[in-house]
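Chains as they are written, first to last, in the UniProt record's numbering: chain P, 1 to 212; chain X, 1 to 212. For each residue, glycine too, the CB sits at the ideal point set by N, CA and C.
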């Protein structure tokens, strides 16, 4: 690290504020959420991501929803954010500006940037007879990683759970994602070591579902 | 196996029919579902089962439900079942009668016996933009195991998923339950080998949920 002399500018963060908020999505966020889902599939080397803007619209924005699914988006801007209902607002002082080459692709209708999202739905914890949440997806775009935004999204979901009297928030992590695993352990999450998850899809699901 | 002569009675199953059906629960089934949940906790050596009849009533039978949770019960009888809407009905020919010492404890309002249940709720498969189901609990009382009832409960859920156009049924299994694992592999379910599940509960959930 370079040493600083009194002549250097020591107001390190004035030019690198990042104004952030976590809020419920609007219909106009669908293209961003759709692209974030495909980016997440890429991150997981998954080739089976078939979600469309239309399927997101009908599952997230139809009233009543076919099944309850919640999304929170992470919105950022280098200028103060215009007033809007939010779950969390926080200003980050960054050592350097974020270099986001996709800022136009993930632009919101008010000119801010969508940097990530979390998608979750209610579960049922039968030993308590009470609901919980399962986080299906939590994703922050590469330019915005390691800045604390993942934690902010987690906090938003945990806060929602506590507010509603839900007893648990659960999620799954692929085991090569060591950074995520360490982060989740740091916030006090327990890993269910001796449980494995099964799934039935496609032909196996159809075949099992035949009654005769 | 003993050889049979023409003088032996070869109508082997007349006395051992077990009439079964899988159906939606009624309010009067709550005491049985409650006891089944506590039996399941016992099976898992879990000491934290706090579910009450009242919490089951408010989560399963309040309209609208706070969050969507489905239960199917497995009802059996040695006499033909009175007509009632059902998901599956099947008559089993058993080599011997079932010896159920708790038949009175798990008696339904029409005198049949509740032998098991499955509890599941909708999920959201974001790569497809479509819902699925997660089976939270599937339990058959000891006297009725290894007769095919677990498969019948699985089929009922898979059938419901297919009917609704859902793309997946998922569930977790504790790894010492080798019999269950083998059964799930037999019906074509895939195990998600490289994923682990985390959960945030109690103080860790409250702490994470604090925004300030």
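Short CB-CB distance (under 8 Å) between residue i and chain X
{"i": "residue 183 (chain P)", "result": "no"}
{"i": "residue 211 (chain P)", "result": "yes"}
{"i": "residue 48 (chain P)", "result": "yes"}
{"i": "residue 73 (chain P)", "result": "no"}
{"i": "residue 92 (chain P)", "result": "no"}
{"i": "residue 59 (chain P)", "result": "yes"}
{"i": "residue 140 (chain P)", "result": "no"}
Cutoff 8 Å: residue i Cβ touching any chain P Cβ
{"i": "residue 19 (chain X)", "result": "no"}
{"i": "residue 67 (chain X)", "result": "yes"}
{"i": "residue 201 (chain X)", "result": "yes"}
{"i": "residue 131 (chain X)", "result": "yes"}
{"i": "residue 24 (chain X)", "result": "no"}
{"i": "residue 198 (chain X)", "result": "yes"}
{"i": "residue 150 (chain X)", "result": "no"}
{"i": "residue 147 (chain X)", "result": "no"}
{"i": "residue 153 (chain X)", "result": "no"}
{"i": "residue 188 (chain X)", "result": "yes"}
{"i": "residue 82 (chain X)", "result": "no"}
{"i": "residue 31 (chain X)", "result": "no"}
{"i": "residue 62 (chain X)", "result": "no"}
{"i": "residue 85 (chain X)", "result": "no"}
{"i": "residue 122 (chain X)", "result": "yes"}
{"i": "residue 16 (chain X)", "result": "no"}
Alpha-carbon spacing of residue i relative to residue j, whole angstroms
{"i": "residue 151 (chain P)", "j": "residue 180 (chain P)", "result": "10 Å"}
{"i": "residue 156 (chain X)", "j": "residue 203 (chain P)", "result": "16 Å"}
{"i": "residue 50 (chain X)", "j": "residue 102 (chain P)", "result": "49 Å"}
{"i": "residue 25 (chain X)", "j": "residue 87 (chain P)", "result": "38 Å"}
{"i": "residue 159 (chain X)", "j": "residue 208 (chain P)", "result": "7 Å"}
{"i": "residue 79 (chain P)", "j": "residue 212 (chain X)", "result": "23 Å"}
{"i": "residue 60 (chain X)", "j": "residue 96 (chain P)", "result": "52 Å"}
{"i": "residue 142 (chain P)", "j": "residue 44 (chain P)", "result": "13 Å"}
{"i": "residue 145 (chain X)", "j": "residue 210 (chain P)", "result": "22 Å"}
{"i": "residue 53 (chain P)", "j": "residue 39 (chain P)", "result": "14 Å"}
{"i": "residue 41 (chain P)", "j": "residue 115 (chain P)", "result": "16 Å"}
{"i": "residue 98 (chain P)", "j": "residue 46 (chain X)", "result": "48 Å"}
{"i": "residue 154 (chain P)", "j": "residue 185 (chain P)", "result": "13 Å"}
{"i": "residue 192 (chain P)", "j": "residue 83 (chain P)", "result": "41 Å"}
{"i": "residue 62 (chain P)", "j": "residue 104 (chain X)", "result": "46 Å"}
{"i": "residue 140 (chain P)", "j": "residue 35 (chain X)", "result": "44 Å"}
Presumed contact (8 Å Cβ cut-off) between residue i and residue j, rounded CB distance
{"i": "residue 161 (chain X)", "j": "residue 133 (chain X)", "result": "5 Å"}
{"i": "residue 135 (chain P)", "j": "residue 176 (chain P)", "result": "Incorrect: roughly 18 Å between the Cβ atoms, too far for contact."}
{"i": "residue 70 (chain P)", "j": "residue 127 (chain X)", "result": "About 17 Å; that fails the 8 Å criterion."}
{"i": "residue 58 (chain P)", "j": "residue 113 (chain P)", "result": "With 8 Å as the limit, residue 58 (chain P) and residue 113 (chain P) do not qualify as a contact, their Cβ atoms being about 26 Å apart."}
{"i": "residue 169 (chain P)", "j": "residue 205 (chain X)", "result": "6 Å"}
Contacts of residue i in chain P (Cβ-Cβ under 7 Å)
{"i": "residue 206 (chain X)", "result": "162"}
{"i": "residue 41 (chain X)", "result": "127"}
{"i": "residue 159 (chain X)", "result": "209 and 211"}
{"i": "residue 51 (chain X)", "result": "126, 127, 128 and 129"}
C-beta atoms of residue i and residue j nearer than 8 Å
{"i": "residue 121 (chain X)", "j": "residue 19 (chain P)", "result": "no"}
{"i": "residue 92 (chain P)", "j": "residue 148 (chain P)", "result": "yes"}
{"i": "residue 196 (chain P)", "j": "residue 165 (chain P)", "result": "no"}
{"i": "residue 73 (chain X)", "j": "residue 137 (chain X)", "result": "no"}
{"i": "residue 106 (chain X)", "j": "residue 55 (chain X)", "result": "no"}
{"i": "residue 189 (chain X)", "j": "residue 89 (chain P)", "result": "no"}
{"i": "residue 201 (chain P)", "j": "residue 173 (chain X)", "result": "no"}
{"i": "residue 16 (chain X)", "j": "residue 81 (chain X)", "result": "no"}
{"i": "residue 67 (chain P)", "j": "residue 68 (chain X)", "result": "yes"}
{"i": "residue 21 (chain P)", "j": "residue 109 (chain P)", "result": "no"}
{"i": "residue 85 (chain X)", "j": "residue 23 (chain X)", "result": "yes"}
Partner residues on chain P for residue i, Cβ-Cβ distance less than 9 Å
{"i": "residue 55 (chain X)", "result": "128, 129 and 130"}
Contacts of residue i in chain X (Cβ-Cβ under 7 Å)
{"i": "residue 137 (chain P)", "result": "126"}
{"i": "residue 76 (chain P)", "result": "Correct list: empty, because the minimum Cβ distance to chain X is about 18 Å."}
{"i": "residue 114 (chain P)", "result": "What residue 114 (chain P) touches in chain X: nothing, since even the nearest Cβ is about 16 Å away."}
{"i": "residue 27 (chain P)", "result": "Within chain X, no residue comes near residue 27 (chain P); the closest Cβ sits about 15 Å away, beyond 7 Å."}
Proximal chain X residues relative to residue i, where beta-carbon distance stays under 9 Å
{"i": "residue 37 (chain P)", "result": "126, 127 and 129"}
Listed by chain order, chain X residues near residue i by CB distance under 8 Å
{"i": "residue 192 (chain P)", "result": "172, 196, 197, 198 and 199"}
{"i": "residue 88 (chain P)", "result": "211"}
Closer than 8 Å at the beta carbon, the chain P residues around residue i
{"i": "residue 103 (chain X)", "result": "The contacting residues do not exist; residue 103 (chain X) stays about 24 Å from chain P at best."}
{"i": "residue 175 (chain X)", "result": "194, 195 and 196"}
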